[in-house]
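Residue numbers (my numbering): 6 to 314.
Beta carbons are placed, not taken as given, at the ideal position from N, Cα and C, and that holds for glycine.
Bear in mind the structure is a predicted one, so any value in this text is a computation, not a measurement.
Below is one structure, written out as structure tokens; the observations come after it.
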Ligand SMILES: Nc1ncnc2c1ncn2[C@@H]1O[C@H](COP(=O)(O)OP(=O)(O)OP(=O)(O)O)[C@@H](O)[C@H]1O
Ligand SMILES: [Mg+2]
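In structure tokens form, the structure reads like this:
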């Protein structure tokens with residue numbers, strides 16, 4: 006028998022430990038992204054309503070309609086991990102992988118004067134789908150938010166537009182918890198189903214304290230090219246305007262369905278950089294949306310938040 010019950014001095018576990026309540030940290034602190042002055046997200050609870058198309062064209066509209074008295078610096082971040090669209094929409098599909106900065110940060114790829122980042126640049130080419138569990142997705146979102154070098158030289162981005170994935174899931178929650186978002190543009194089409202999902206998107210951003218700039222009605226009517234009459238394929242926009250009223254939100258604009266918009270997206274030439282006459286109606290709406298978003302951003306109080314990244 007040992008003279009000493011614990012000769013190696015290893016701490017012995019209490020056979021009857023008192024139960025402890027797992028300790029949780031407080032909610033994560035929201036911060037700003039280094040070298041990014043303001044953030045606008047483009048979102049909707051529903052897929053396929055034109056979020057990515059609107060995000061790309063809004064980034065361009067913001068860079069073309071500036072109240073700053075100089076050319077603004079605008080970025081576009083694709084947070085759609087499972088279905089990134091920014092590389093194609095911005096004509097950067099074959100641009101290769103982003104380089105790394107001296108500080109090991111991803112350097113954005115540029116086209117049409119916009120700095121962009123997307124998980125699409127980092128995945129192997131081909132049709133292999135991303136099959137990740139929640140934690141991997143969150144990690145990817147954090148890296149895309151905080152490990153990108155948005156500044157060029159000493160110059161910060163004036164505004165970063167974020168293209169959100171559809172739905173009200175992990176990515177939306179992570180974003181709302183991690184960074185200070187200055188405003189959200191919620192995209193919807195006129196159908197009832199799309200509107201219900203847009204309402205969910207509004208409710209979710211309210212929950213995570215992201216202020217909503219307004220609603221954007223996409224594919225409001227079809228312009229066919231052979232007559233001047235607008236074709237209301239998905240019904241009248243009245244329902245949408247009423248829904249916005251009920252939600253006490255502004256309608257920022259009504260974007261018609263025009264083939265030059267989808268053709269431009271497929272070709273990596275968003276309608277805002279085209280000059281074809283058929284896209285002019287959409288450009289006019291997007292320019293006005295850009296002005297409203299600038300107005301909102303310039304009126305935002307500049308609270309003091311930490312900076313991360
Ligand atoms: N105003 C428009 N006129 C014509 N085509 C449009 C318009 N808006 C979007 N589209 C087309 O509709 C399709 C869906 O658009 P987009 O990919 O932008 O939607 P999304 O909401 O981002 O989809 P997802 O939920 O899959 O991310 C695309 O082919 C796009 O070119
Ligand atoms: Mg999209």
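For residue i, does the count of other Cβ atoms within 10 angstroms reach 16, so buried, or fall short, so exposed?
i	result
residue 160	exposed
residue 98	exposed
residue 75	exposed
residue 80	buried
residue 56	buried
residue 133	exposed
residue 245	buried
residue 183	buried
residue 253	exposed
residue 203	buried
residue 146	buried
residue 181	buried
residue 110	buried
residue 140	exposed
residue 199	buried
residue 68	buried
residue 316	Because the chain here runs from 6 to 314, residue 316 falls outside it and cannot be looked at.
residue 119	buried
residue 38	buried
Below 7 Å CB to CB, which residues in the same chain sit around residue i once its five sequence neighbours on both sides are set aside?
i	result
residue 225	195, 242, 259, 260, 261
residue 287	260, 261, 263, 266, 276
residue 278	65, 117
residue 283	230, 263, 265
residue 149	82, 84, 122, 124
residue 236	226, 227, 229
Ignore the nearest five residues each way along the sequence and tell me which others in residue i's own chain have a CB closer than 6 Å to its CB.
i	result
residue 249	220, 256
residue 301	188, 218
residue 313	36, 151
residue 96	116, 273
residue 156	40
residue 83	89, 91, 123, 168
residue 292	66, 70
residue 43	164, 187, 302
residue 353	As displayed, the chain neither begins before 6 nor continues past 314, which places residue 353 out of reach and without an answer.
residue 52	171
residue 104	112
Report the CB separation of residue i from residue j in whole angstroms; it is logged as a contact under 8 Å.
i	j	result
residue 63	residue 166	6 Å
residue 295	residue 66	3 Å
residue 106	residue 112	6 Å
residue 170	residue 86	7 Å
residue 59	residue 45	Residue 59 to residue 45, Cβ: 11 Å. No contact.
residue 178	residue 213	6 Å
residue 127	residue 102	7 Å
residue 290	residue 193	Rounded, the Cβ-Cβ distance is 15 Å, inconsistent with contact.
residue 94	residue 136	The Cβ separation is near 24 Å, so there is no contact.
residue 299	residue 129	So it is not a contact: roughly 38 Å between Cβ atoms.
residue 310	residue 185	5 Å
Please list, in chain order, all residues of the same chain as residue i whose beta carbon is under 8 Å from its beta carbon, the five residues on each side excluded.
i	result
residue 306	none
Hey, which unbroken runs of the alpha helix (DSSP H) at 4 residues or more fall wholly within the segment 83–115?
Every unbroken stretch of the alpha helix (DSSP H) spanning 4 or more residues and falling wholly within the segment 83–115 is given here in chain order: 91–94.
Could you tell me which whole alpha helix (DSSP H) segments of length 4 or greater appear in the segment 237–267?
243–251
Counting only runs that start and end within the segment 155–183, where is the beta strand (DSSP E) found for 3 or more residues in a row?
162–168
Run through the segment 185–213 for me and flag every whole beta strand (DSSP E) of 3 or more residues, listed as ranges in chain order.
188–193
Residue ranges of each beta strand (DSSP E) within the segment 118–152, 3 or longer
Complete beta strand (DSSP E) runs here, min 3: 119–122.
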